[in-house]
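A.B. asks: If you read the sequence shown in my numbering, its first letter stands for residue 139, the second for the next number, and so on. Where a beta carbon is used, it is the ideal one built from N, C-alpha and C, also for glycine. Remember, it's a predicted structure, so these values are computed and weren't measured experimentally. Have a look at the structure that comes next, please.
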Amino acid sequence: MNKVYITWNQVNKLLDKIHEQAQDIDYVAGIPRGGIILAVLYSHRFGVQYMENPSNHYPHLLILDDIADTGETLKKWKEELHVPYYATLHYKKSSCIEPDFYGRKMIKEDNWIVYPWERKDSKTIQNYLEN
């Protein structure tokens with residue numbers, strides 16, 4: 139599995155792509171952990187109110203996460219929060235659910251993305267399974 143290191147500049151460009159797709163967004167929230175960082179960035183970058191505790195009472199709410207890999211995290215959140223919009227920076231077509239918006243659809247499904255808020259020596263999923 140190849141590691142692909144994403145820069146802050148790339149993160150901002152992917153957020154720009156999501157923002158172009160997502161209209162009528164009044165609030166933004168994030169799925170812990172990477173999604174919270176993205177939600178705060180999105181809030182500051184586009185002047186959208188950050189929501190710490192999202193609920194179904196806000197129809198113009200965007201919930202962000204870093205990647206739709208297996209899709210299980212998005213699926214779980216969508217089952218609990220039926221807000222209209224979910225977005226990820228990266229989307230793998232093997233994900234069991236497709237986000238409403240995404241910055242980039244991954245061509246190489248076997249790449250492991252290392253985001254700038256992660257340690258450079260972060261381990262791939264195969265390394266985690268060895269423990």
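1) Considering only residues of the same chain and omitting the five flanking positions on each side of D238, which have a CB-CB separation below 7 Å?
2) Mind checking whether the beta-carbon of S233 lies closer than 7 Å to any heavy atom of the ligand ADP?
3) Taking 8 Å as the cut-off, decide whether the C-beta atoms of G241 and L153 are in contact.
4) Going by DSSP in three states, I263 sits in which element: helix, strand or coil?
5) Kindly give me the distance between the Cβ atoms of D203 and G173, rounded to whole angstroms, as I take these residues to be in contact under 8 Å.
6) Can you tell me where the beta strand (DSSP E) holding V252 begins and where it ends?
7) So, are the CB atoms of I205 and G168 less than 8 Å apart?
8) Given P192, which residues of its chain have a CB within under 7 Å of its CB, disregarding the five upstream and five downstream residues?
9) Would you call G185 buried or exposed, if buried means 16 or more other Cβ atoms sit within 10 Å of its Cβ?
10) Taking DSSP as the reference, what is the three-state secondary structure of E268?
11) Going by DSSP, what residue range makes up the beta strand (DSSP E) through T226?
12) Report the residue from Q187, K216 and Q161 whose alpha carbon sits nearest the alpha carbon of I235.
C.D. replies: Let's see:
1) Locating residue 238 in the sequence shown gives position 100, counting from the first residue. Excluding sequence neighbours, D238 sits near Y223, Y224 and A225.
2) Among the ligands in the structure shown, none appear at all, so the ligand ADP cannot be discussed.
3) Locating residue 241 in the sequence shown gives position 103, where the first residue counts as 1. Locating residue 153 in the sequence shown gives position 15, where the first residue counts as 1. Closer than 8 Å, so yes.
4) Stepping through the sequence shown from its first residue, residue 263 is reached at position 125. Residue confidence is low: I263 scores 49 on pLDDT, short of 50, so the model does not pin down where it sits. Its coordinate-derived value is still stated next. Correct three-state label for I263: helix.
5) Indexing the sequence shown from 1 puts residue 203 at position 65. Indexing the sequence shown from 1 puts residue 173 at position 35. The pair is a contact, with the Cβ atoms about 4 Å apart (cut-off 8 Å).
6) Taking the sequence shown and counting its residues from 1, one reaches residue 252 at position 114. Start and end: W250 to V252.
7) On the sequence shown, residue 205 is found 67 positions in, with the first residue counted as 1. On the sequence shown, residue 168 is found 30 positions in, with the first residue counted as 1. It is not a contact, given that the beta carbons lie outside the stated cut-off.
8) The count along the sequence shown starts at 1 and reaches residue 192 at position 54. The answer, listed in chain order, is A167, L199, I201, L219 and V221.
9) Here residue 185 corresponds to residue number 47 of the sequence shown, with the count starting at 1. Under this definition G185 is an exposed residue.
10) Here residue 268 refers to the residue found at position 130 when the sequence shown is read from its first residue. For E268, the predicted model reports a pLDDT of 45, less than 50, meaning its position is unreliable and no value from the coordinates is stated.
11) In the sequence shown, counting from the first residue as 1, residue 226 sits at position 88. First-last of the beta strand (DSSP E) with T226: Y223 to K230.
12) Locating residue 235 in the sequence shown gives position 97, where the first residue counts as 1. Answer by Cα proximity: K216.
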